[in-house]
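What follows is a short report on a single structure.
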Amino acid sequence: MHPTTTLARARRRRWAVAALAALFAGLAVAVTGTAGQVRACLTAPADVHWAFLVCLGVLSALHYVLAAVTLRAVAGGGLPFGTTLGVQFTAAAANRLTPGGLGAAAVNTRYLVCRGIPAARAVTSVAVMQAAGAVADLLLLLVIVALSGGGALRVLASRAGAAAGALPVVPALVLSAVLALAAVTYGRRALRSRAFAHAVAGCAGLLRRPRDLVLTLLASASTTLVMALAMAVSALAVPGTGVTPADLWVLVTAYLVGAAAGAALPSPGGVGGTEAALVAALTALGVAAGPALQAVLLFRAVTYWAPVPVGLVTARALRGHEENAGMRKK
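Taken in order, the sequence shown gives residues 19 to 348; the numbers are from my numbering.
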């Protein structure tokens with residue numbers, strides 16, 4: 019393919035991603051209410067219980083620790099934990115620029131290759147890591163529903179039904195239609211991709227290593243659970259949400275549903291779509307639009323944007339490993 023054509027396609031793809039992010043950011047505003055409500059939530063940081071920031075920071079850091087554990091388990095061990103942890107921050111920073119987790123996959127694959135793992139096996143390991151994440155999230159949801167006796171799901175469904183009539187009809191319908199279209203389109207594309215074939219082959223290999231399989235699923239599920247707890251803490255930190263610790267399981271369930279919907283979008287890191295989905299999940303629980311958006315913005319600021327500078331710093335370590343690997347090959 020001609021380089022000019024490739025460049026043009028890449029440029030169109032970036033514009034499409036930017037348009038999708040803008041669309042879902044606009045939908046988030048439309049679903050949550052008027053511009054005045056949005057301004058009110060953005061100009062009321064003094065009301066937030068900032069003591070919760072410590073807990074949010076700890077949970078955010080723990081998320082990356084568990085991601086490092088997951089990668090080491092998938093790769094079969096032998097990776098230095100400290101370096102692997104730093105690479106997860108670099109992968110997160112790369113994910114802010116690419117849709118569908120492609121940035122993190124590329125960084126993790128390159129890291130495994132630099133550690134001496136053959137390229138084919140590295141690609142397979144990263145594909146398994148992503149596939150295991152989807153399976154682990156589903157298992158986590160089933161466990162939470164079982165532990166709550168189905169109560170969390172029933173409460174979420176009943177409150178969502180009660181709140182549905184209060185949402186603007188047109189934005190809600192547009193949001194649902196685009197989410198469904200994105201899920202179908204990118205789901206079919208994923209099933210036909212090489213990454214899916216690598217994931218299937220890698221999962222077969224992981225099944226022959228029961229210890230690594232269990233550790234992969236536990237660590238992967240824990241990364242999602244930690245983020246769900248962080249979302250719950252963010253909701254508790256905003257007084258206007260009206261939620262209490264008794265709503266923990268309902269909040270965790272709402273996060274799992276909302277995050278899954280946001281992840282279906284092809285925008286970088288789900289920007290715009292994830293915020294809209296999480297705000298919609300909180301409003302479905304009866305949280306007012308303004309406080310719901312404030313809680314989501316607090317959650318994303320601490321867990322999504324704050325680690326980016328760390329990732330930019332740790333990227334230097336990854337470049338150092340690449341240079342060392344190149345010297346060894348020579």
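Virtual Cβ for every residue (Gly too), placed ideally from N, Cα, C. Nothing here was measured: the structure is a model prediction, and the numbers come from that model.
Secondary structure note for Pro228: its alpha helix (DSSP H) is the uninterrupted segment 228-255. If you check the CB distance, Gly329 and Ala112 come in under 9 Å. Here Ala239 is not near Ala138, since their CB atoms are 9 Å or more apart. In the structure shown, Pro309 falls within a helical segment according to DSSP collapsed to helix, strand and coil. Non-local beta-carbon contacts of Ala306 in its own chain, meaning distances under 7 Å to residues more than five positions away in sequence, involve Gly258 in chain order. Remark: C-beta atoms of Ser252 and Val297 do not approach each other more closely than 9 Å. Taking 9 Å as the cut-off, the Cβ atoms of His81 and Ala299 do not count as close.
Per the C-alpha coordinates, the member of Leu254, Ala295, Val87, Arg229 positioned closest to Ala69 is Leu254.
When only Cα atoms are considered, Leu266 and Gly260 end up about 12 Å apart.
For Leu103, same chain residues with a beta-carbon under 7 Å away, outside a window of 5 residues either side, are Tyr82, Val83, Ala86 in chain order. Between Thr108 and Val125, the C-beta gap is smaller than 9 Å, which places the two residues in contact.
In the structure shown, Gly96 falls within a coil segment according to DSSP collapsed to helix, strand and coil. Going by beta carbons, Asp230 and Gly100 fall outside the 9 Å limit. Burial state of Thr234 is buried, judged by a 10 Å Cβ sphere holding 16 or more other Cβ atoms. Here His81 carries a helix assignment [DSSP, helix/strand/coil].
In this chain, Ala69 is not harboured by any alpha helix (DSSP H), its DSSP state being neither H nor E. Inclusion of Val270 and Ile162 in the CB contact set at 9 Å is warranted, their separation being smaller than that value. For Asp155, the enclosing alpha helix (DSSP H) has its first and last residue at 137-165. Per the C-alpha coordinates, the member of Ala278, Pro309, Gly304, Ala91 positioned closest to Ala295 is Ala278.
Counting only residues of its own chain and dropping the five nearest sequence neighbours on each side, Leu243 has a CB closer than 8 Å to the CB of Leu158, Val270. Cβ contact annotation for Cys73 (same chain, cutoff 7 Å, sequence separation greater than five): Val251, in chain order.
Excluding residues up to 5 positions away in sequence, Thr101, Gly104 lie with their Cβ nearer than 7 Å to the Cβ of Ala335 in the same chain.
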